[in-house]
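Residue numbers (the numbering used here): 458 to 788.
Single-structure report; data block below.
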Ligand SMILES: Cc1cc2nc3c(=O)[nH]c(=O)nc-3n(C[C@H](O)[C@H](O)[C@H](O)COP(=O)(O)OP(=O)(O)OC[C@H]3O[C@@H](n4cnc5c(N)ncnc54)[C@H](O)[C@@H]3O)c2cc1C
């Protein structure tokens, strides 16, 4: 049976993401593995059909709302595939793109995963990981986001203030290109020479080109990442599925912080809040995140006391330090 099905009424919910931009589509495919992705991509390439990749459809920018053609929904590629430990003792988790952030967190917190299909090396690394506390820091607020979607839009979130955006925590990718060929990219291994690049594909071929003449601003990098001599894995992270479909990822884990504490402080005006931010940014250890809620935002939370109303939740990841004395000094 073909992996590609005609689009039907029963898939109406796939026509939009959290942006609520409603699109349209003629086909849909739910691959379960990399070969399925390649078949769907080739179907589109041969017929000139546009393709929209979908993870969990939690994106707020409409990137997963289809504009005609085929919806490539990756939510059924939701297995954690294995684990590895390198010579420096760091752990790396390998996952399919449809694995949610919530599932990754749960596996690391409970130190439990379905290891039935894993290699002996993976099981051994997983057993070793259990001796410590490890975490995957990217947190774009919405835990149902898929890891493929997070990599594709280089998701950030409050904690990226300390730990960096998703890009920094992706060590390797397997990517299906627009003609169905597959490339594996590992951080530090495949680099552009100036603005010229070559990506080697697993069939022994290569794709060469020249990067455009702009550099991505390094402060808030969203969208295409372009820098001379760049690591080519970064071309795909942030490209929103336009350059290839992420079929597999290797995530770099970090030792979990030993303690977390949170602080909620109220300020008389915006200037005082900004002075606080400037001061706290110089403090060591650095805060993990700082979130700002103005009076209107707090009023929204207060108004929604109806139990059937949508819940406005906020998370205070706080500061990894004992900050009582420091706060008294700043305030
Ligand atoms: C309440 C809420 C709060 C949020 N807060 C933040 C925040 O603070 N910071 C932040 O950065 N984001 C935030 N987001 C957005 C969040 O980053 C995205 O929701 C998430 O990262 C996207 O993951 P997804 O699986 O839902 O991807 P989707 O929405 O399904 O897709 C996102 C993009 O990635 C592409 N894509 C998806 N999977 C693949 C794949 N395997 N290969 C290639 N392309 C793919 C899609 O085509 C689309 O362009 C928030 C979302 C919500 C709902």
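Glycine included, C-beta positions come from ideal geometry on N, C-alpha and C.
Using a cutoff of 7 Å, the CB of residue 735 does not count as near ligand 1, since none of the ligand's heavy atoms is closer than that. Counting along the chain, the unbroken alpha helix (DSSP H) around residue 586 starts and ends at 577 to 586. According to the DSSP assignment, residue 484 belongs to the beta strand (DSSP E) that extends over 484 to 486. Secondary structure note for residue 460: it is in no beta strand (DSSP E), with a DSSP letter that is neither H nor E.
In the structure shown, the three-state DSSP call for residue 694 is coil. Under the 8 Å Cβ criterion, the segment 698 to 712 counts as touching the segment 607 to 623, having at least three qualifying pairs.
Rounded to whole angstroms, residue 471 and residue 522 show a C-alpha spacing of 8 Å.
Residue 663 counts as exposed, since fewer than 16 other beta carbons sit within 10 angstroms of its beta carbon. The three-state reading of DSSP puts residue 684 in coil, since its state is none of H, G, I, E or B.
From the listed residues 631, 747, 506, the smallest Cα separation to residue 692 is found for 631.
For residue 476, there is no enclosing beta strand (DSSP E), as DSSP gives it neither H nor E.
Shown here, residue 648 sits in a strand according to DSSP, grouped into three states. With respect to residue 669, residue 683 sits close: the two C-beta atoms are nearer than 8 Å. Residue 653 carries a strand assignment under DSSP once its states are collapsed to helix, strand and coil.
By the Cβ neighbour-count rule, residue 707 is buried, with 16 or more other Cβ atoms within 10 Å of its own. Excluding five sequence positions before and after residue 596, the CB atoms of its chain that fall closer than 6 Å to its own CB belong to 614, 616, given in chain order. Nearest in C-alpha terms to residue 622, of all of 740, 543, 637, 746, is 746.
Our two residues, residue 540 and residue 705, have alpha carbons roughly 13 Å apart in a direct line. Counting the other CB atoms within 10 Å of its CB gives residue 646 a total below 16, which places it among the exposed residues. Bounds of the alpha helix (DSSP H) holding residue 618 are 617 to 620. At a cut-off of 7 Å, the beta-carbon of residue 533 does not count as near ligand 1: no heavy atom of the ligand is closer than that.
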